[in-house]
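Before any comments, here is the structure.
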Amino acid sequence: MYDVYYSTGGGSMVYGGSDVWVNNWLREVAPKLDYPSKLLIHRRRPENIKIKYDSPIEIVWQGYDPRGFEETIKNARKIHILHGYYTPHKVIEYNKDKIESLCVHVSLDLSLKAGFDLGLKNYLHFSAVPEWEKKVVKWAKKVVWIGTDKIP
Numbered sequence: 002m003y004d005v006y007y008s009t010g011g012g013s014m015v016y017g018g019s020d021v022w023v024n025n026w027l028r029e030v031a032p033k034l035d036y037p038s039k040l041l042i043h044r045r046r047p048e049n050i051k052i053k054y055d056s057p058i059e060i061v062w063q064g065y066d067p068r069g070f071e072e073t074i075k076n077a078r079k080i081h082i083l084h085g086y087y088t089p090h091k092v093i094e095y096n097k098d099k100i101e102s103l104c105v106h107v108s109l110d111l112s113l114k115a116g117f118d119l120g121l122k123n124y125l126h127f128s129a130v131p132e133w134e135k136k137v138v139k140w141a142k143k144v145v146w147i148g149t150d151k152i153p
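Counting in this note's numbering, the sequence shown runs from 2 upward without gaps.
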C-alpha cells in the first residue's frame with residue numbers, strides 16, 4: 002500500500018509556477034514522509050526528452066499508459082492533490098473517496114473574474130470550470146490554501 006501525491010507537472014518537466022512549487026515540495030517535504038509514497042504526474046512527458054531528476058520518492062508519469070496510471074491511483078491508500086487540473090478528470094472523480102488533501106494555488110472564481118475586474122479588453126484565460134474546483138474542495142478532507150491572496 003502507498004499514498005499518491007497527484008500533480009499536473011513537476012520533476013524533470015517544468016511548465017509553470019505550480020510545477021516549481023511541486024519541485025520545492027519534493028525537495029523539502031517528500032524526504033520527511035513516513036509512509037510509502039509516489040508522485041503521480043498527470044501529463045505526457047515528451048519521449049524524446051531525457052532529463053535526469055533526482056527525487057526522494059518514485060515519480061510516475063501518465064505518459065502513454067493511462068490505464069496503468071489509473072490503476073496506480075486506484076490502488077492507493079490516500080490521494081493528496083498537490084496541483085490538479087481546473088477541469089473535470091475521471092481519475093479524480095472515480096477516486097474521490099480517497100482524497101485526503103487538496104492544495105489550492107488559485108481561486109478559479111477570482112482568476113476568471115480578474116480580466117473583467119481589471120477592465121482588460123483582450124483577455125486570454127486558461128481552461129477552467131469553477132464547479133469542478135468546488136466539487137474537489139468538498140471531496141477533500143483537508144484543503145490547504147497556497148495562494149498569495151486571502152482565502153476566498
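Glycine is no exception: its CB is placed at the ideal position from the N, C-alpha and C atoms. A quick note: this is a predicted structure, and the numbers were derived from the prediction, not measured.
- Cα atoms of Ile42 and Ile74: separation of roughly 11 Å, rounded to the nearest angstrom.
- Between the C-alpha atoms of Ala115 and Tyr7 there is a straight-line separation of about 27 Å.
- Rounded to whole angstroms, the separation of the alpha carbons of Val137 and Lys91 is 12 Å.
- In this structure, Val130 lies near Tyr87, with their beta-carbon atoms less than 9 Å apart.
- The alpha-carbon of Gly12 is positioned some 23 Å away from that of Met2.
- An exposed status is given to Asn25, since fewer than 16 other beta-carbon atoms sit within 10 Å of its beta-carbon.
- Judged by DSSP in its simplified three-state form, Ile80 adopts strand.
- With fewer than 16 other CB atoms across the displayed protein chains lying within 10 angstroms of its CB, Gly69 is exposed.
- Residues Lys79, His81 and Lys142 of the same chain have their beta carbon placed closer than 6 Å to that of Glu101, with the five preceding and five following residues left out of the count.
- Membership of Ile93 in any beta strand (DSSP E) is not indicated; the residue belongs instead to the alpha helix (DSSP H) covering Lys91 to Glu94.
- Excluding its 5 nearest sequence neighbours in each direction, Ile58 has C-beta neighbours in its own chain below 8 Å: Tyr6, Leu27, Ala31, Leu34, Ser38, Lys39 and Leu40, listed in chain order.
- By the neighbour-count definition (other C-beta atoms within 10 Å, threshold 16), Asp20 is a buried residue.
- The continuous stretches of beta strand (DSSP E) do not include Asp98, and DSSP gives it neither H nor E.
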